[in-house]
Structures are given as structure tokens and as C-alpha cells.
Amino acid sequence: MIAKKAAPKKAAAEAVQDSAAKTLKLVLGRLDDMKAEETVTIDLRGKSAFSDYLVVTTGRSNRHVSSIAENVTKGLKEAGQKKLHVEGMANADWVLVDTGEVILHVFRPEVREFYNIERLWTQNTQDDARANLKAV
Numbered sequence: 001m002i003a004k005k006a007a008p009k010k011a012a013a014e015a016v017q018d019s020a021a022k023t024l025k026l027v028l029g030r031l032d033d034m035k036a037e038e039t040v041t042i043d044l045r046g047k048s049a050f051s052d053y054l055v056v057t058t059g060r061s062n063r064h065v066s067s068i069a070e071n072v073t074k075g076l077k078e079a080g081q082k083k084l085h086v087e088g089m090a091n092a093d094w095v096l097v098d099t100g101e102v103i104l105h106v107f108r109p110e111v112r113e114f115y116n117i118e119r120l121w122t123q124n125t126q127d128d129a130r131a132n133l134k135a136v
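Mapped onto full-length UniProt numbering, the consecutive letters of the sequence shown carry residue numbers 1 to 136.
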């Protein structure tokens, strides 16, 4: 009886992973179509409970940033994405598109450099240990 309960949970987890991978592929395809620059994908599985992937990319100008975000949002809606949260379109310095499974950040170059959010998720433990030693 325990094996029967474990199998549906495993199947559900695999279905979520397939969905996240599909969403990621759509997002990356749209970014490529829109000539987004310096795109970085960070795998958050096992590191975060709120999302599977974090994608950070750059647009050349406010107009380019908003166009990228609009194109990705349009593609997600066409693919049937129901839960979609978008922030930052008014200024288009930094636009966040959150699908739940994939979080996309689209920045202008100087804003991306200032916030450097990829560093938060990609620091390795040796760097953290060195930082702690220097702070003491």
C-alpha cells in the first residue's frame, strides 16, 4: 500500500518538471527571437521552493526590455499559462515575469549590473566561507 501512494507523488513531481521544462523552453525561445542579450538560466530545483528556474537577460533599451517582456508574456498566454504575474512594464528598466515555475528578469544593462541578482543564486560555498572569514 505504501508503494501505491509513493508512485502517484513521483508521477506528479515528474509532470511538474515536464511542465517547468516546457515553460523554460518557450521562454528561452522567445528571448532568442527577440534578440535578448546575455541570457543566463539558473536551475533552482532543490534550492528554492518557489520556482524551478530563474532566467536573467538584458535588453538594449527600455523599449527593447518592454518588447522582450511583452513577447514572452504573449507566448506564455498563447501556450495556456494561466498564472502569470508581470511587474515593471511602466518604466521597463527591470521587468519581472513570473509563471510560478520560471521567473524571468529582463534588465537594461546598467540596471542588471547594479543589482547583479544572478550572483545571489550562483555563489558557491567556498566563496561564502571566504566572505565569512574576511568579515570576522
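Every residue, glycine too, gets a C-beta built ideally from N, C-alpha and C. If you're wondering where the values come from, they're calculated on a predicted model, not measured in any experiment.
Check the DSSP bridge columns for Y53 and list the partner residues they point to.
The secondary-structure analysis by DSSP pairs Y53 across a beta bridge with D43 and V102.
Which partner residues of W94 appear in the DSSP bridge assignment?
Assignment of beta-bridge partners to W94 by DSSP yields F107.
For my contact list, T99 and K74 are in at a C-beta cut-off of 8 Å; report their separation, rounded to the angstrom.
With a Cβ gap of about 13 Å, T99 and K74 do not count as contacting.
Could you work out which residue in V106, V102 and E113 is closest to K22 when comparing CA atoms only?
Comparing Cα-Cα distances from K22 to each of V106, V102 and E113, the minimum goes to V102.
Could you tell me which residues DSSP pairs with T58 in its beta bridges?
In the DSSP output, where bridge partners are listed per residue, T58 has E37 and F107.
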